[in-house]
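For reference, the structure is listed below as C-alpha cells.
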Amino acid sequence: MPTPDANDDLVARRRRARRTAIVVAVIAASVYVGFILRGVLLS
Numbered sequence: 664m665p666t667p668d669a670n671d672d673l674v675a676r677r678r679r680a681r682r683t684a685i686v687v688a689v690i691a692a693s694v695y696v697g698f699i700l701r702g703v704l705l706s
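Yeah, the sequence shown ends on 706 if you go by the numbering used here, and it's all consecutive.
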C-alpha cells in the first residue's frame with residue numbers, strides 16, 4: 664500500500680491530468696465549432 668505522501672502525489676497528478684484533458688477537449692471543441700460556424704457563415 665502506498666504511503667500517504669505517495670497517495671497525495673498520485674491524487675495531485677490525477678487532478679492535473681484531468682484538468683489538462685479538459686483544457687485540450689475545450690480547445691478541440693472550440694476548433695470544431697469554429698469550422699462549423701465558418702462553413703455556415705461562408706455558405
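Think of the CB as a built atom: it goes at the ideal place given N, C-alpha and C, for glycine as much as any other residue. As the structure is a computational prediction, the values presented were derived from the model and not from experiment.
- Counting only the Cα atoms, Phe698 lies some 12 Å from Ser706.
- Listed in chain order, the non-local C-beta contacts of Ile690 below 8 Å within the same chain number zero, local neighbours out to five positions each way being set aside.
- For Thr683, the enclosing alpha helix (DSSP H) stretches over residues Pro667 to Leu705.
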